[in-house]
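With this note's numbering applied, the sequence shown corresponds to residues 46 to 203, in that order.
We put the beta carbon where it would ideally sit given N, CA and C, even for glycine.
Below is one structure, written out as structure tokens; the observations come after it.
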Amino acid sequence: MNKKVVLVALCLFFLCVLFIFLKDTVMSCIRYLLEAEKVKFIFTALMFTMISCYSIFNKHETDNTNICFYRFKNNFWLLDLLLNSCTYISIFLTAFSLLKGTYIQKFYGDKIYFLEFEAYDIYVMFGVSLILLWYALYNCVQMFIEVVHIKSSKKPII
């Protein structure tokens, strides 16, 4: 039996039951998190930390992945760090803002962020922003995991 699958299934089931019984509270918590500036700052700092660790400690010897947008082989780690940080953080912040606007407009309606868009357009933007948010966070976590699993004999490239 795959324990990870069972654990994820139980967590999803628990979240569904929680949402069914506490729908208004859960939706209010989601709105609070989307409107809180500290959440964006915390995730931005975490992403910058993960990308920094990857750019500094990964020597790119066995890099066969497409995690980074920019990869310089000539020890331009600072340029690598700046370009990847700016790219991933921009993707995250844009997706977060779109998610906030679409969520509040569609589920609450007290603020209108997108005037000329129909319901279908709002749902598409909601889905795309979720995918972009997942993409940026997932790739940053993958970078950090890759650095954590590097052999201890490797030293920083600085």
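- Taking the C-beta atoms as reference points, Met92 is found nearer than 8 Å to Ile134.
- Contact check for Leu138 against Lys68 fails: the beta carbons are separated by 8 Å or more.
- With a contact defined as Cβ atoms closer than 8 Å, Tyr153 and Arg76 qualify at about 7 Å.
- Under the 10 Å beta carbon count, Met170 is surrounded by 16 or more other beta carbons and is classified as buried.
- The residue from Ile176, Phe102, Lys145 and Ser130 with its alpha-carbon nearest to that of Cys74 is Lys145.
- Taking a 10 Å sphere around the C-beta of Cys61, we find fewer than 16 other C-beta atoms and assign the residue as exposed.
- Within its own chain, the residues whose Cβ lies closer than 7 Å to the Cβ of Ser130, once the five positions on either side in sequence are excluded, are Phe93 and Ile96, listed in chain order.
- Residue environment analysis places Leu55 among the exposed positions, since fewer than 16 neighbouring C-beta atoms fall within 10 angstroms of its C-beta.
- Annotation: the continuous alpha helix (DSSP H) that includes Lys48 extends over Lys48 to Phe66.
- Within a 10 Å sphere around the beta-carbon of Ile136 sit 16 or more other beta-carbons, which makes this residue buried.
- Taking 8 Å as the upper bound for CB-CB distance, Val192 and Phe102 are in contact here, some 5 Å apart.
- Gly172 carries a helical assignment under DSSP once its states are collapsed to helix, strand and coil.
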